[in-house]
Amino acid sequence: MKLVSIVALSGIASSVAFTGVAPSSRTSRVAALNGQRGDDNGMQTRRETLQSWLVGAAAVGFIASPEQALAFPNKISNQYDDRPKQRGGKPKALGVATRKDMVGEEYLGLKPCDSYKPNCFCSTDSIEDSPDSSIPPFKWPADKLTSQEDAFQQLYEVVNAYEPGQSNIDGGGFDIVTFDPKAGYIYAQFESLKNGYIDDLELAVVGSEKDNNAVQLRSSSRLGFLDFGVNAKRINYLANALRAKGWDAPGVGYSTHRGYADQNGAKW
């Protein structure tokens, strides 16, 4: 429960507005101390300024009780628990659904990426319409996994074994929100360590593609414009683990996604 003096907060917000701190954006995270997309770049944001005012207000008698952060239990550290989190809202229209391409033709697929934002990959995006976001699907080995349910059980095990903090990303942990092997669908959320940015991952069988062993995937950031290579690193980690089990899992390559890599200053 929040117990906050509205008048006090109004005065605080007015004071913050005149501190001279420029509005922050996700691009300010380039100089991140731990690679978490600029989670700590030495610049105090307006949100951080407001937090410091709230702390001061509490010290002089105002009562403020911030919402408790919903942290993932497999995060790598508690060091930044006191920082405000910027998780963003869960995207609408996730899952497999009828979509429209750029010319208005319908197709069955996952939620398309915003073509102008280099912070998302989706294997059901058309390579003609969105070459920077389109990636190949994962394909399970038919000689080792004889059913879709077997394939998704193995997918679940691979995602569940994901290492938070690998390549300096996803230090805030992750959670598999939905696992439905019969429908052929997995939905998971991944969190950055410091500021709690949430990215969404989906793995799904689309339509009749179970006949060719294809699993479509989408990995996307909720907030901001750039992702500084985070989604590519996450996909490639999972792709490497799947290839070790016999899957055809190309992942994201620099040669095929140079625009994404150059804009994000990413190397892998």
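Whatever position you read off the sequence shown (first residue = 1), add 3 for my numbering.
Built from N, CA and C at the ideal position, the CB exists for glycine as well.
Beta-carbon contacts of residue i that lie in its chain and below 7 Å, excluding the five residues immediately before and after
i: SER136; result: CYS116, SER118, CYS123, PHE124, CYS125 and ASP128
i: ASN81; result: none
i: VAL161; result: LEU241, ALA244 and LEU245
i: PHE182; result: TYR159 and ILE189
i: LEU111; result: VAL99, THR101, VAL209 and GLY210
i: ALA96; result: LYS114
DSSP bridge partner residues for residue i (one or two, in chain order)
i: ALA269; result: Answer by DSSP bridge pairing: none, since ALA269 is not bridged.
i: TYR200; result: Per DSSP, none; premise fails for TYR200.
i: VAL218; result: PHE141
i: ILE189; result: PHE182 and LEU206
i: PHE75; result: PHE75 is not bridged to any residue.
i: PHE231; result: The partner list for PHE231 (beta bridge, DSSP) is empty, contrary to what the question assumes.
i: SER223; result: CYS123 and ASP203
i: ASP251; result: LYS142
From the options, residue whose alpha carbon lies closest to that of residue i
i: GLY232; options: TYR263, GLN151, ILE189 and GLU160; result: TYR263
i: ASP85; options: PRO167, LEU196, ILE179 and PRO184; result: LEU196
i: GLY268; options: PRO121, GLY98, ASN81 and MET105; result: PRO121
i: GLU131; options: ASP104, PRO87 and SER258; result: ASP104
i: GLU152; options: PHE228, ALA217 and PHE75; result: ALA217
i: TYR83; options: PHE182, GLU194 and ALA96; result: GLU194
i: THR3; options: ASN215, THR101 and ALA242; result: Since the first and last residues shown for the chain are 4 and 271, residue 3 lies out of range.
i: ALA242; options: LEU158, THR101 and ASP146; result: LEU158
i: PRO94; options: PHE182, TYR190, GLU166 and GLU160; result: TYR190
i: PRO140; options: ASP265, ARG261, VAL255 and LYS270; result: VAL255
i: ALA247; options: LYS147, SER211 and HIS260; result: LYS147
i: LEU272; options: GLU108, TYR200 and GLU109; result: With the chain covering only 4 through 271, there is no way to say anything about residue 272.
i: PRO253; options: ARG261, ILE238 and GLN266; result: ILE238
Pair within 9 Å by beta-carbon distance, residue i and residue j
i: VAL208; j: TYR188; result: yes
i: ASP202; j: ASN163; result: no
i: LYS78; j: GLY175; result: yes
i: GLN89; j: ASN171; result: no
i: GLU205; j: SER224; result: no
i: LEU113; j: GLY91; result: no
i: LYS169; j: VAL180; result: The sequence shown places Gln at residue 169, not Lys. Their beta carbons are not under 9 Å apart, which means GLN169 does not touch VAL180 by this criterion.
i: LEU220; j: ILE138; result: yes
i: PRO184; j: PHE155; result: yes
i: ASP178; j: PHE75; result: yes
i: PRO87; j: GLY249; result: no
Contact set for residue i: own chain, Cβ-Cβ below 6 Å, skip 5 residues either direction
i: ASP251; result: LYS142
i: ASP173; result: PRO167 and PHE193
i: ALA72; result: Low confidence applies here, because ALA72 scores a pLDDT of 44, under 50, leaving its location unreliable; read the following figure in that light. Cβ within range, chain order: LYS88.
Cut-off 8 Å between Cβ atoms - residues of its own chain near residue i, not counting five sequence neighbours on either side
i: SER258; result: none
i: GLY107; result: none
i: GLN266; result: PRO121 and LEU229
i: GLU109; result: THR101, ARG102 and LYS103
i: LYS3; result: No answer is possible for residue 3: the residues shown for the chain start at 4 and end at 271.
If you scan the segment 84-166 from start to end, which runs of the alpha helix (DSSP H) of 4 or more residues do you find wholly inside it?
Qualifying alpha helix (DSSP H) stretches, in chain order: 151-163.
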